[in-house]
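Asks:
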Amino acid sequence: MATAVAHPSKVSMPVASLPGRRYDHAFFSGMALLILVTVFVGFGPTYYLAGVFRAPLPSPIIHLHGAVFSCWILLLVTQTSLVSAGRVDIHRRLGIAGFLLACVMVIVGVWAATDALVREFPPGRDAKAFYIIPMSDMVVFPTLIFFAFRARSNPPAHKRLILVATVSLMTAAIARWPLAMVHRKPPVAHLFSYIFLLMLVAYDLWSTRKIHRATLWAGGFLILVQQISAPISKTQGWHAFASWVQNIAR
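Residue numbering for the sequence shown follows my numbering, beginning at 589 and increasing consecutively.
#1: State yes or no: is the C-beta of valine 770 within less than 8 angstroms of the C-beta of alanine 763?
#2: Determine contact between the stretch 796-804 and the stretch 696-713, defined as no fewer than three beta-carbon pairs at a distance below 8 angstroms.
#3: For alanine 830, which residues from the same chain have a beta carbon less than 7 angstroms from its beta carbon, with the 5 sequence-adjacent residues on both sides left out?
#4: Does the structure place the stretch 636-652 close enough to the stretch 771-779 that three or more beta carbon pairs sit under 8 angstroms?
#5: Identify which residue in Pro766, Ala739, Gly674 has its Cα closest to the Cα of proline 633.
#6: Using a threshold of 8 angstroms, state whether the C-beta atoms of isoleucine 661 and isoleucine 695 are closer than that.
#7: Excluding five sequence neighbours on each side, which residues of the same chain lie with their C-beta closer than 8 angstroms to the C-beta of methionine 693?
#8: Is it right to say valine 755 is buried, meaning 16 or more other beta carbons lie within 10 angstroms of its own, or is it exposed?
#9: Throw me the rounded Cβ distance for the serine 817 and serine 672 pair, which I believe falls under 8 angstroms.
#10: Might you give, ordered along the chain, the residues of its own chain that have their beta carbon closer than 7 angstroms to the beta carbon of alanine 620, omitting 5 neighbours on each side?
#11: Going by other Cβ atoms of all chains shown within 10 Å of its Cβ, with 16 needed for buried, is proline 722 buried or exposed?
#12: Just verifying my parser: in three-state terms, what is the DSSP assignment at aspartate 714?
#13: Taking C-alpha atoms, which residue in Arg772, Arg797, Gly618 lies nearest to proline 711?
#14: Under 8 angstroms between the Cβ atoms of valine 627 and valine 727?
#15: Counting C-beta neighbours from all protein chains within 10 Å, is the total for threonine 759 16 or more, i.e. buried, or is it exposed?
#16: By the DSSP assignment, the alpha helix (DSSP H) with lysine 798 in it spans what residues?
#17: Determine the DSSP secondary structure at phenylalanine 780, reduced to helix, strand or coil.
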């Protein structure tokens, strides 16, 4: 039996042994905390600092929506912290609960978006066109979570898919920042949220010398869906669909 022997100068460094990979835990934990801060800055004045369930929100479903999505952010911080602490056993058990929570988030997200459509929210804007923003989130998020769940045995892909899925939810928080350039401007908030993607790309290049395939396709999918949603929202077909939803939801 012949045995192929590679010349020492031709041997490439395995991805797992690249020096940057040792910082995976710190990077993803840091990103989770940065997302937590992003959400708190956006929703702090009107939700968290206003007493959460005592906050003057327009309907009970919005309270439920806030609670469920907040649980996801807290779970993300918890899960990355558990991996950093070496408690992968607990991380895996919580992962099943996290997948179920993600399913609930999609249901509640569609429900809350439809409730806003019925209330003609936001005031002074085309509610039917605005409806596509949360609905497009409810396309990107479950798609990436589904593939993240399938990639549980592939940690590098799994954590990148979870991160990008969570980034898809950041527009609402960023659009509530007390900054004139982004406040109530979802298209600009989309662009600001891509900073998270750029940070992930930069980390990939530094730690593995290439952009991870999950980063490429998940980030590309997120950007594609968000950027085509604006022109689609102005079409007659979308307005007809939104009007139909509005009528049956009343």
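From the three backbone atoms N, C-alpha and C, an ideal C-beta is built for every residue, glycine too.
Replies: Let me lay it out:
#1: By 1-based counting over the sequence shown, the position of residue 770 is 182. By 1-based counting over the sequence shown, the position of residue 763 is 175. Yes, the pair counts as a contact, with Cβ atoms nearer than the cut-off.
#2: No, the stretch 796-804 is not in contact with the stretch 696-713.
#3: Locating residue 830 in the sequence shown gives position 242, counting from the first residue. Hits under 7 angstroms: Leu705, Lys716, Tyr719.
#4: no
#5: Locating residue 633 in the sequence shown gives position 45, where the first residue counts as 1. Among Pro766, Ala739, Gly674, the Cα nearest to that of proline 633 belongs to Pro766.
#6: Locating residue 661 in the sequence shown gives position 73, counting from the first residue. Locating residue 695 in the sequence shown gives position 107, counting from the first residue. Contact flag unset, no.
#7: For the purposes of this step, residue 693 is taken as residue 105 along the sequence shown, with counting starting at 1. For methionine 693, where only same-chain residues beyond five positions count, the Cβ hits under 8 angstroms are Val656, Phe657, Trp660, Phe729.
#8: Locating residue 755 in the sequence shown gives position 167, where the first residue counts as 1. Buried: at least 16 other Cβ atoms inside 10 Å.
#9: One-based indexing of the sequence shown puts residue 817 at position 229. One-based indexing of the sequence shown puts residue 672 at position 84. Rounded to the nearest angstrom, the Cβ distance from serine 817 to serine 672 is 35 angstroms, too far for a contact under 8 angstroms.
#10: Sequence index remark: in the sequence shown, residue 620 carries index 32 (1-based). Around alanine 620: Leu664, Val665, Thr668.
#11: Residue mapping note: residue 722 aligns to position 134 of the sequence shown, counting from 1. With 16 or more Cβ atoms within 10 Å of its Cβ, proline 722 is classed as buried.
#12: Position 126 of the sequence shown holds residue 714. Correct three-state label for aspartate 714: coil.
#13: Start at 1 with the first residue of the sequence shown, and residue 711 comes out as number 123. Minimum Cα distance to proline 711 is reached at Arg772.
#14: Start at 1 with the first residue of the sequence shown, and residue 627 comes out as number 39. Start at 1 with the first residue of the sequence shown, and residue 727 comes out as number 139. Their beta carbons are not under 8 angstroms apart, which means valine 627 does not touch valine 727 by this criterion.
#15: As a position in the sequence shown, residue 759 is number 171, starting the count at 1. When all chains shown are included, threonine 759 counts as buried.
#16: The residue labelled residue 798 in the question sits at position 210 within the sequence shown. Neither: lysine 798 is in no alpha helix (DSSP H) and is coded neither H nor E.
#17: Residue numbering aside, residue 780 sits at position 192 when the sequence shown is read from its first letter. Reduced to three states, the DSSP call for phenylalanine 780 is helix.
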